[in-house]
Amino acid sequence: MKTFALLVCLAFLPIAIVTAQNNSFYDFTVKTIDGKVLKLSSFKGKKVLVVNVASKCGNTPQYEKLEELYGKYGKDNFVVIGFPANNFMGQEPGTNEEIQKFCTLTYHVTFPMMAKISVKGKDIDPLYKWLTEKAENGKQDAPVLWNFQKFMIDEDGNWVGTIPPKESPMSDKIIKWIEK
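The sequence shown begins at 1035 in our numbering and counts up one residue at a time.
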């Protein structure tokens, strides 16, 4: 009988391990660009567009479209969250203070901006590990290809999909996802 019970427990062990790996977006805590702790669970009930951003990139003008998107849908259970990262050719060299000043003065950014993090490599932030690895998000591998890659998170904190860096934040795919 003890052997049977042990076999049953071992049979369910892989299920428990897989379930434990599939965290929700809401399980993470991050720092805002001004150093405050932010639980991502504060966005429960909202669709979230997570974007790794950089100030000195060919895609930097997307800040304007991200702000337009946030201005249009931000009051309707939607939020854009920017994560500055310096992982691609040193295109985000500034401090959090410098990044915040640049975003505010140049693009009038009002959507939430987080502290600078790493979105790939050995020092990848735990949130981006979840966003980019199927073993973590339970959906698919989606390595960050460049600055301004976008990740869609549903109202329940589940990973929905990714949008390539060059694709506009105002693309049909993003608009349809927000409006449905």
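Backbone N, C-alpha and C define an ideal beta-carbon position, used for all residues, glycine too.
Alpha-carbon to alpha-carbon, residue j and residue i
i            : j            : result
residue 1052 : residue 1140 : Unreliable placement is indicated for residue 1052, whose pLDDT of 41 sits below 50; the coordinate value is still reported in the next sentence. So the alpha carbons of these two residues sit roughly 44 Å apart.
residue 1159 : residue 1122 : 15 Å
residue 1184 : residue 1129 : 22 Å
residue 1055 : residue 1070 : For residue 1055, the predicted structure reports a pLDDT of 49, less than 50, and the residue's modelled location is therefore unreliable. A value from the coordinates is still provided. Between residue 1055 and residue 1070, the C-alpha separation is close to 27 Å.
residue 1144 : residue 1135 : 12 Å
residue 1094 : residue 1172 : 30 Å
residue 1066 : residue 1167 : 23 Å
residue 1079 : residue 1203 : 21 Å
residue 1126 : residue 1089 : 5 Å
residue 1156 : residue 1162 : 12 Å
residue 1113 : residue 1175 : 23 Å
residue 1058 : residue 1191 : 5 Å
residue 1118 : residue 1084 : 11 Å
Residue environment, residue i, which counts as buried when at least 16 other CB atoms sit within 10 Å
i            : result
residue 1177 : exposed
residue 1131 : exposed
residue 1111 : exposed
residue 1096 : buried
residue 1124 : exposed
residue 1196 : buried
residue 1169 : exposed
residue 1198 : exposed
Cβ separation of residue i and residue j, assumed to be a contact under 8 Å, to the nearest whole Å
i            : j            : result
residue 1188 : residue 1081 : 6 Å
residue 1164 : residue 1062 : 7 Å
Identified DSSP bridge partners for residue i
i            : result
residue 1215 : As shown, the chain starts at 1035 and ends at 1214. That puts residue 1215 outside it, with no answer to give.
residue 1099 : In the DSSP output, where bridge partners are listed per residue, residue 1099 has none listed.
residue 1181 : Paired residue(s): none; residue 1181 is not in a bridge.
residue 1084 : 1115, 1185
residue 1211 : Per DSSP, none; premise fails for residue 1211.
residue 1193 : 1187
residue 1064 : 1072
**Asked** Do three or more CB pairs link the segment 1099-1109 to the segment 1200-1210 at distances below 8 Å?
**Response** yes
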